[in-house]
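The working numbering applies: residue 139 is where the sequence shown begins, and numbers increase by one. C-beta atoms are modelled at their ideal positions from N, C-alpha and C, and glycine is treated no differently. Here the structure is a predicted model, which means the values were calculated and not measured.
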Amino acid sequence: MSLLYSLDKKMSRNRLNNFIKKDIDDFKNKRNPKILFVGSGGELNDYVKNFSTYLYSIDIDPSKKPDQIIDLMDPNFCQKYLGEKVNLVCIFEVLEHTKNPSLAIKNIYNLIDKDSVVLLSTPFIFNIHDAPNDFYRFTKYGLKEIFKEFSKVEIKEKNGWLESIFILVMRIKKSRSFLNKILGNSFLLLYFFLYPLILIIQSIFKTNGLTTGYYLKAIK
């Protein structure tokens, strides 16, 4: 099962990891990244650590062992923040779990200086996860509205429409049903072996209206 888990992460996050690597590498070519990581722990936290000598993590969950336990929606967030001044903020798969996304991003905006960068990913067409603390889904237009104070915003689909269909069926294996696990893992293997064909089909029949989520880069 560990092999299937690794394959699941590789197939579902491959493009996201590539986006992150490219943007942080581009950032490093211009200046030394000092990173604030919102939502401590997990594989993405470990992945981003490889790109910087300074990474400060925050979370509301003590079990995640963040550098600071703090609520991103706290009205006094900037005053309570104890980390160093950062120039790169990573918010991956977190925004949908905040009760007030606009306030969360406003606090980040007020914390950082001009020309600092925010990298964010969030689901769009995706199953409920980490219930009951899963509150929102965002279109790219909703994200643009939330980030409207930033000077530049770029948004990319995390995957194509056919990839999204496979990923959604794969996610059914998260349930407790044994049959659902079989179906989900079967689609995971199909996704892996058919991936080149899936990309060809998406290049012929094009649409950007169906994706499991978005990746965003914003510059203050």
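If you compare the alpha carbons of E234, F285, K319 with that of I263, the shortest gap goes to E234.
Membership of Y279 in the alpha helix (DSSP H) is indicated by the continuous run 278-284. For V307, the enclosing alpha helix (DSSP H) has its first and last residue at 299-308. CA-to-CA, the gap between N167 and V255 works out to about 14 Å. Following the DSSP letters along the chain, one finds A269 in no beta strand (DSSP E), marked with neither H nor E. For K278, the closest C-alpha among the options L335, L348, N238, K252 is that of L348.
When DSSP states are grouped into helix, strand and coil, F175 belongs to the strand group. V227: member of the beta strand (DSSP E) spanning 226-230, first to last residue. Following the DSSP letters along the chain, one finds G180 in no beta strand (DSSP E) but inside the alpha helix (DSSP H) bounded by residues 180-187.
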